[in-house]
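Participant:
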Amino acid sequence: MLPSAGLERLNAFSDGVFAVLITVLVLELRPPEIPTFAALLGLWPTWLSYGVSYLFIAIVWTNHHHLLRHAKEATARLMWYNFAHLFSVSLLPLATAWMAVSELSPQPVAFYAGVFFLVNLTYIFLIRELIEPMPAEAVPLNVRKAMRIRSIATLCLFGLAALVALKYPIIGLAICCCCLVVYLRPEAPGRGIKARR
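The sequence shown: position 86 = 86 (full-length UniProt numbering), numbered continuously.
1) Please look up how many angstroms separate the CB atoms of G16 and E73, rounded, as I've assumed it's under 8 Å.
2) Does the pairing of the region 163-175 with the region 125-143 give three or more beta-carbon distances under 8 Å?
3) Decide if I34 is buried, meaning its Cβ has at least 16 other Cβ atoms within 10 Å, or exposed.
4) Restricting to Cα atoms, I'd like to know which of T46, I175, L180 is closest to A100.
5) Verify whether the separation of the beta carbon atoms of A165 and V109 is less than 7 Å.
6) Which same chain residues end up closer than 7 Å to E129 when comparing Cβ atoms and leaving out the 5 residues on each side of it in sequence?
7) When the Cα atoms are used, what is the spatial distance from M1 to R69?
8) I'd like the list of long-range same chain contacts for C177, defined as Cβ closer than 8 Å, with 5 residues on each side in sequence excluded.
9) Can you give the Cα-Cα distance for R30 and C179, rounded to whole angstroms?
10) Just the Cα atoms here: how many angstroms apart are F111 and A71?
11) Counting pairs of beta carbons, one from the region 146-158 and one from the region 89-98, are three or more of them closer than 8 Å?
12) At what residue ranges does the region 143-184 contain a whole run of the alpha helix (DSSP H), taking only runs of 4 or more?
13) Taking only runs of the beta strand (DSSP E) that begin and end inside the region 40-105, which ones reach a length of at least 3 residues, in chain order?
14) How would you call F117, buried or exposed, if buried means at least 16 neighbouring beta carbons within 10 angstroms?
15) Using the three-state DSSP reduction, which class does E137 fall into: helix, strand or coil?
16) Specify the secondary structure class of P31 as computed by DSSP and reduced to three states.
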C-alpha cells in the first residue's frame with residue numbers, strides 16, 4: 001500500500017469518528033416535557049454542556065486535521081497515537097450527558113474536565129510524533145516552543161479545572177472554556193509551519 005493511501009484511510013477513519021461523535025452528541029438532546037420557552041430555558045445546563053462540547057469537538061477536529069497534514073506516512077506509532085486520541089474524544093458524549101443531567105454537579109464536571117485533560121494529553125503525543133521530527137526549516141524553533149508551551153500549559157489548566165470543579169463546578173467549566181480559546185487557531189504563534197508535500 002502506498003504511504004498516501006494509508007494516510008487517506010487514517011484521515012477518513014478519523015473524520016468518520018468525529019462525525020459520529022457529533023451525531024451522538026445531538027441525539028442526547030431532549031426537548032422539555034412542557035411546551036413553553038420557560039421550560040426550554042430551564043434546560044440551560046443541557047444547552048451549555050452541548051454548546052461547549054460541540055465547540056470542543058470542532059476545535060479538536062481542526063487541530064487534528066492541521067497536524068495530520070504534516071504526516072508522511074501512516075506509521076504504526078502514528079496510528080496508535082491517533083486511536084488513543086480518538087478514544088479520549090469518544091468519551092465526550094458520555095461526559096456531556098452526565099454533566100447535563102446532573103445540572104453541572106461537581107463530580108460530573110470534574111470528569112468532563114478530566115476528558116479534556118486526556119484529549120490534550122493524547123494530542124501532545126501526536127505533536128511529538130508529527131512535529132518534533134520535522135526539519136528546522138519546516139518548523140522554526142520558536143513555533144515548536146510555542147506549541148510545547150501551549151500544550152503543556154493547557155494540560156495543566158485542564159487538570160486544575162478537574163480539581164477545582166470538585167468544589168466549584170462552574171469555575172472548573174469556565175477554566176476549560178478559557179483553554180479552548182487558545183486552540184481556536186491550530187497554528188501556534190510564529191512564522192507558521194509548512195505542510196509536507
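C-beta atoms are modelled at their ideal positions from N, C-alpha and C, and glycine is treated no differently.
Facilitator: Taking the definition as stated:
1) Residue 16 sits at position 16 when you count from the first residue of the sequence shown. Residue 73 sits at position 73 when you count from the first residue of the sequence shown. Contact annotation, G16 with E73: C-beta distance approximately 20 Å; criterion of less than 8 Å not satisfied.
2) No: fewer than three Cβ pairs fall under 8 Å.
3) To locate residue 34, count along the sequence shown from 1; it is residue 34. Answer is exposed; the Cβ neighbour count stays below 16.
4) Reading the sequence shown from its first residue, position 100 is the one you call residue 100. Out of T46, I175, L180, T46 has the C-alpha closest to the C-alpha of A100.
5) Here residue 165 refers to the residue found at position 165 of the sequence shown. Here residue 109 refers to the residue found at position 109 of the sequence shown. For A165 and V109, yes; Cβs fall inside 7 Å.
6) By 1-based counting over the sequence shown, the position of residue 129 is 129. Its chain contains R77, L78, Y81 as the residues whose beta carbon lies nearer than 7 Å to that of E129, once the 5 sequence neighbours on both sides are disregarded; these appear in chain order.
7) To locate residue 1, count along the sequence shown from 1; it is residue 1. To locate residue 69, count along the sequence shown from 1; it is residue 69. Because the pLDDT at M1 is just 47, under 50, the model does not fix this residue reliably, and the value given afterwards should be weighed accordingly. For M1 and R69, the distance between alpha carbons rounds to 19 Å.
8) On the sequence shown, residue 177 is found 177 positions in, with the first residue counted as 1. Excluding sequence neighbours, C177 sits near V52.
9) The residue given as residue 30 occupies position 30 in the sequence shown. The residue given as residue 179 occupies position 179 in the sequence shown. So the alpha carbons of these two residues sit roughly 28 Å apart.
10) Position 111 of the sequence shown holds residue 111. Position 71 of the sequence shown holds residue 71. The straight-line gap from Cα to Cα measures roughly 32 Å.
11) With the cut-off at 8 Å, the region 146-158 and the region 89-98 do not touch.
12) 169-181
13) none
14) Numbered from its first residue, the sequence shown carries residue 117 at position 117. That one is buried.
15) Counted from its first residue, the sequence shown places residue 137 at position 137. Coil at E137, not helix or strand.
16) Here residue 31 refers to the residue found at position 31 when the sequence shown is read from its first residue. Coil at P31, not helix or strand.
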